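Participant: Counting with our numbering, you get residues 37 to 101 for the letters of the sequence shown. Before we start, here is the structure in question, set down as structure tokens.
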Amino acid sequence: MFVDNSFAKNNVERKEKIYINSVAIVVGAVNMWNSPDSPENTGVQTPFEWLKRLCKTVRNRLDNF
Numbered sequence: 037m038f039v040d041n042s043f044a045k046n047n048v049e050r051k052e053k054i055y056i057n058s059v060a061i062v063v064g065a066v067n068m069w070n071s072p073d074s075p076e077n078t079g080v081q082t083p084f085e086w087l088k089r090l091c092k093t094v095r096n097r098l099d100n101f
């Protein structure tokens, strides 16, 4: 009897990509918050504005995924 595991394998690979992208988004967000020279941080920034920009970045990354 032959069992095709390609679906399970593809599912694992997809989850790995999601985890890697999630880590990249969080690292990028922390760098964006901490970098005073970043173009995004030229003005006074509230946590809400930062979170709004982070959500926009995540949405764009997921659209490209």
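Beta carbons: idealized from backbone N, C-alpha and C, even for Gly. From a predicted model like this one, the values you see are computed outputs, not experimental measurements.
In whole angstroms, what separates the C-alpha of Asn47 from that of Lys53?
Facilitator: Each residue's alpha carbon lies about 10 Å from the other.
Participant: Work out the CA separation of Ala60 and Pro83 for me, nearest whole Å.
Facilitator: Each residue's Cα considered, the two are about 20 Å apart.
Participant: Excluding five sequence neighbours on each side, which residues of the same chain lie with their C-beta closer than 6 Å to the C-beta of Leu90?
Facilitator: Ala65.
Participant: Who are the near neighbours of Lys51 in its chain, counting only those whose CB is closer than 8 Å to its CB and skipping five residues on each side?
Facilitator: Excluding residues within five positions, none has a Cβ falling inside 8 Å.
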